[in-house]
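Engineer: My structure is below; once you've seen it, I'll send some questions.
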Amino acid sequence: LQFVAYLPIILPLALMLGLLLALARLYRDSEMAVITAIGVGPRRMLRPMLMLVVPVVVIIGLCSLWLGPWASRTAETML
Numbered sequence: 001l002q003f004v005a006y007l008p009i010i011l012p013l014a015l016m017l018g019l020l021l022a023l024a025r026l027y028r029d030s031e032m033a034v035i036t037a038i039g040v041g042p043r044r045m046l047r048p049m050l051m052l053v054v055p056v057v058v059i060i061g062l063c064s065l066w067l068g069p070w071a072s073r074t075a076e077t078m079l
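The sequence shown begins at 1 in full-length UniProt numbering and counts up one residue at a time.
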């Protein structure tokens, strides 16, 4: 039950690291240059990332505002 308290810290870090690694790989393999050359701008690249980020933000909000306090109360009653 204590793991739930760490989720709002771990999830954003994992998401940021994953996105940074994915973008770094695109730049390293020159795929981002090709994507830019065919006319895809930064705003269009942002949309798929937001489709990943928004559900994670909702999950973090649920964990920190609802699931975290519930887990704390449950842990206290178990002791």
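Note that the Cβ used here is the ideal one computed from N, Cα and C, for glycine as well.
Considering only their Cβ atoms, is the gap separating LEU15 from VAL40 smaller than 9 Å?
Structural biologist: No, Cβ-Cβ distance for VAL40 and LEU15 is not below 9 Å.
Engineer: CB-CB under 7 Å to LEU26, same chain, minus the five flanking residues each way: which ones, in chain order?
Structural biologist: The residues are MET32.
Engineer: Quick one: Cα of GLY68 to Cα of VAL4, how far?
Structural biologist: The alpha-carbon atoms of GLY68 and VAL4 are separated by roughly 6 Å.
Engineer: Does DSSP put ILE38 in a helix, in a strand, or in coil?
Structural biologist: Note: ILE38 maps to coil in three-state DSSP.
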